[in-house]
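Quick notes on the structure that follows.
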Amino acid sequence: MKRIQDVLVAELHSLISALGSKGGLMSPSVYDTAQMLRILPPAEGVWPAVDWLLSKQQPDGGWGDPAMPLHRDIPTLAAVLALREYGRRNETRVAIREGVAFVRRQAAMWSTSAKMAKDDLPVGGEIVLPGLLDQLDAAGEMHIPRKPYGQLLEFGERKRKSVAKLPVIPGMPWNHCWEITGTEPNAILVDGSGGISHSPAATAAWVKAASGKPELEETVARSRKYLANAERACEMGIPGVTSTIYPFERYEQLFSLYALQIAGLLKDPRIEGVVAPVVKEIAGVLGSRGIAMSDYFLQDGDDSAAAVMLMHEFGYPVDLSILYRFQNDNHFVAYAGELHPSPTVTARCIHALMVMGKDVAPFQKFLLDRREPDGRWTVDKWNRSWLYTTGHAVIALIGSPYEAEMREAVEAVLVSQHRDGGWSTHGAPNLTETAYAVLMLAYLERQGFTHPGIGASLDRAFLWMQDNYRPFARPDTKVKCWIAKELYRVDRIDTIFELSAMLVLDQRKSKERGA
Numbered sequence: 082m083k084r085i086q087d088v089l090v091a092e093l094h095s096l097i098s099a100l101g102s103k104g105g106l107m108s109p110s111v112y113d114t115a116q117m118l119r120i121l122p123p124a125e126g127v128w129p130a131v132d133w134l135l136s137k138q139q140p141d142g143g144w145g146d147p148a149m150p151l152h153r154d155i156p157t158l159a160a161v162l163a164l165r166e167y168g169r170r171n172e173t174r175v176a177i178r179e180g181v182a183f184v185r186r187q188a189a190m191w192s193t194s195a196k197m198a199k200d201d202l203p204v205g206g207e208i209v210l211p212g213l214l215d216q217l218d219a220a221g222e223m224h225i226p227r228k229p230y231g232q233l234l235e236f237g238e239r240k241r242k243s244v245a246k247l248p249v250i251p252g253m254p255w256n257h258c259w260e261i262t263g264t265e266p267n268a269i270l271v272d273g274s275g276g277i278s279h280s281p282a283a284t285a286a287w288v289k290a291a292s293g294k295p296e297l298e299e300t301v302a303r304s305r306k307y308l309a310n311a312e313r314a315c316e317m318g319i320p321g322v323t324s325t326i327y328p329f330e331r332y333e334q335l336f337s338l339y340a341l342q343i344a345g346l347l348k349d350p351r352i353e354g355v356v357a358p359v360v361k362e363i364a365g366v367l368g369s370r371g372i373a374m375s376d377y378f379l380q381d382g383d384d385s386a387a388a389v390m391l392m393h394e395f396g397y398p399v400d401l402s403i404l405y406r407f408q409n410d411n412h413f414v415a416y417a418g419e420l421h422p423s424p425t426v427t428a429r430c431i432h433a434l435m436v437m438g439k440d441v442a443p444f445q446k447f448l449l450d451r452r453e454p455d456g457r458w459t460v461d462k463w464n465r466s467w468l469y470t471t472g473h474a475v476i477a478l479i480g481s482p483y484e485a486e487m488r489e490a491v492e493a494v495l496v497s498q499h500r501d502g503g504w505s506t507h508g509a510p511n512l513t514e515t516a517y518a519v520l521m522l523a524y525l526e527r528q529g530f531t532h533p534g535i536g537a538s539l540d541r542a543f544l545w546m547q548d549n550y551r552p553f554a555r556p557d558t559k560v561k562c563w564i565a566k567e568l569y570r571v572d573r574i575d576t577i578f579e580l581s582a583m584l585v586l587d588q589r590k591s592k593e594r595g596a
């Protein structure tokens, strides 16, 4: 077992050392790449990006991850609109037709999804999708009837009116869809990263609108540099192929260290030399209003909860008013004014308050009210995997009177394990979602929670993870669980979840053998 521990620790060491570098590491985005091709084509040439876009079309004609059907319309419409600009090849014209047909078939799903407006939208979907449908009409492609989207259109109209009243300031979530809503390229919108609300698509639209205006020339140059950096964040090396969010260095650092924390590895002497500088860096930027996904964005409750917990763990003084800023009655929010709160944000805030000895009973009740009848928590606005959401919720219930509810959640996780030992909420088992399940079960086991199925389940999971682990590999087939305008993968975070789970399982097995 010592050999695999050494490999896991070596990869963890390498990843933790790199946390936050280049602004973060993320999977490439179909949506933002398509918008780049339409709005601001790369000067180096478009065809490599066009070919990449074509290669991402699914057999059913759509783009995007089939794991979340309603999250596929946005990348598909953006891809179709982009490819129309470069449709000289027959394969491209076929791809366009199949993409439009896919969207047309999808329309019925929007009228039958009862929970659509509340839970099933991509980030900004109520703004972006109607805007893309209008652009498809204007382009002269097949008209998509709007009736199935009635609920979405109504939601989007309310959101537009709400956003129109908000101040024009940089680094705010409400400008993240500027490629759809933007009109005048005001320089004040450009934040310290050089981008518009951390969106490559929004920034490309702003650059196009601002180009040719002498008074904005210097700001345009900064924004072009931002777009080049956003491309590097997905490490594809193809001009125009970019990420869907950038930068996100604090998010990458904090969620990675949170994975280590729930794995019980945060102070492991083998990695403390690389963890300590990250902790010190976070301590230097955490302010009275909390912390954001980067130093140039609005502070949020999720990253702030992770930071507060981290500071407490390492003995830094912590002002809990940082967390209570994000309290909204019996729950917590990522951003003020959210129309539907995320269970995992509340769960992480509960966890932070728990470790600091605070009363969390009212917030735990909020979580329980969002539990499904089968014991799972299935819906979250930031991560599609119910294993992620359920794991966070159960950790937030440790030490509460709700042992029966925790037991039901554990049993839901146990029965969903595949026969080969892995987990997945869509398709074949994958390392990331297996890690979510393992970290939850192992955490409970360490906290003294007993269930006769946990031990055997973790043993099977370890065998599966060993068989499927590829050290230092970054295949583009890895699962995407995080939610933005489309599903994405934050590679360092997700890999640290995976490595942490494997290391916990290996240590557990070594302990059983008396090693």
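First residue of the sequence shown? That's 82 in the working numbering, and the numbers climb one at a time after it. Every residue gets a Cβ at the ideal spot worked out from N, C-alpha and C, and that includes glycine. Being a predicted model, the structure only gives us computed values, none of them experimental.
Under the three-state DSSP convention, the category residue i falls into
i, result
"ILE326", "coil"
"MET583", "helix"
"ALA99", "helix"
"ASN256", "helix"
"GLN498", "coil"
"GLY480", "coil"
"ASN549", "helix"
"VAL475", "helix"
"LYS196", "With a pLDDT of only 49 at LYS196, under 50, the local geometry of the prediction cannot be trusted, and no value is derived from it."
"GLN408", "strand"
"ILE155", "helix"
"ASN310", "helix"
"TYR569", "strand"
"ASN464", "strand"
"TRP191", "helix"
"GLY275", "coil"
"GLY371", "strand"
Span separating the alpha-carbon of residue i from that of residue j
i, j, result
"ARG239", "SER192", "18 angstroms"
"LYS196", "GLY206", "Model confidence at LYS196 stands at a pLDDT of 49, short of 50, so the residue's coordinates are unreliable and nothing is read from them."
"ASN256", "ALA159", "19 angstroms"
"GLU166", "PRO122", "10 angstroms"
"ARG186", "PRO156", "15 angstroms"
"GLY101", "TYR569", "17 angstroms"
"MET57", "HIS393", "Any question about residue 57 goes unanswered here, given that the chain covers just 82 to 596."
"SER369", "ILE85", "42 angstroms"
"PRO533", "ALA485", "15 angstroms"
"ALA345", "ALA523", "With the sequence shown as reference, residue 345 is identified as Gly, and Ala is not the correct amino acid for it. Answer to the nearest angstrom: the Cα atoms are 10 angstroms apart."
"PRO266", "VAL209", "19 angstroms"
"LYS294", "VAL244", "26 angstroms"
"PHE530", "TYR517", "17 angstroms"
"ALA198", "GLN138", "Because ALA198 carries a pLDDT of 46, less than 50, the predicted location of this residue cannot be relied on, and the following value inherits that uncertainty. If I take the Cα positions, the gap works out to 27 angstroms."
"HIS94", "LEU341", "12 angstroms"
"THR323", "GLN588", "38 angstroms"
"MET487", "VAL111", "38 angstroms"
"ARG178", "CYS258", "26 angstroms"
"PHE444", "ARG153", "33 angstroms"
"ALA282", "GLU260", "6 angstroms"
"ASP383", "SER292", "36 angstroms"
"HIS421", "LYS462", "8 angstroms"
Residue i - containing alpha helix (DSSP H), residue span
i, result
"PRO109", "Premise fails: PRO109 is in no alpha helix (DSSP H) and is neither H nor E."
"TYR416", "Unbroken run through TYR416: none, as it is neither H nor E."
"GLU235", "231 to 245"
"ASP384", "382 to 394"
"TRP287", "281 to 291"
"ALA597", "The question about residue 597 has no answer here: the residues shown for the chain are numbered 82 through 596."
"GLN445", "442 to 450"
"TYR524", "512 to 527"
"ALA220", "206 to 220"
"TRP458", "From DSSP, TRP458 is part of no alpha helix (DSSP H); its letter is neither H nor E."
"TRP133", "128 to 136"
"LYS361", "353 to 366"
Proximity to residue i [Cα-Cα], best of the options
i, options, result
"ALA477", "ALA442, ILE319 and ASP455", "ALA442"
"VAL356", "SER98, THR558, LEU89 and ASP87", "SER98"
"SER274", "ALA291, ARG457 and ASN310", "ASN310"
"THR227", "ALA220, ARG241 and GLY212", "The question names Thr, yet the displayed sequence has Arg at residue 227. It is GLY212."
"MET390", "HIS432, VAL288 and ILE120", "HIS432"
"ILE535", "TYR550, PHE553, THR558 and GLN498", "GLN498"
"LEU404", "ARG119, ASP146, ILE479 and PHE413", "PHE413"
"PRO147", "GLU567, PHE447, ASP87 and ALA286", "GLU567"
Checklist entry - Are three or more beta carbon pairs between the stretch 328 to 341 and the stretch 371 to 382 nearer than 8 angstroms? => result yes
Item to check | Touch test, the stretch 171 to 190 against the stretch 128 to 147, Cβ-Cβ under 8 angstroms, three pairs minimum | outcome: yes
Next on the checklist: Tell me whether the stretch 342 to 359 and the stretch 293 to 310 touch, counting them as touching only if at least three CB pairs, one residue from each stretch, are closer than 8 angstroms.
Outcome noted: no
Checklist entry - For the 8 angstroms Cβ check, are there 3 or more pairs between the stretch 575 to 584 and the stretch 500 to 515? => result yes
Item to check | the stretch 358 to 365 contacting the stretch 124 to 141, beta-carbon criterion three pairs below 8 angstroms | outcome: no
Checklist entry - With contact counted as at least three CB pairs below 8 angstroms, one residue from each stretch, are the stretch 497 to 509 and the stretch 465 to 473 in contact? => result yes
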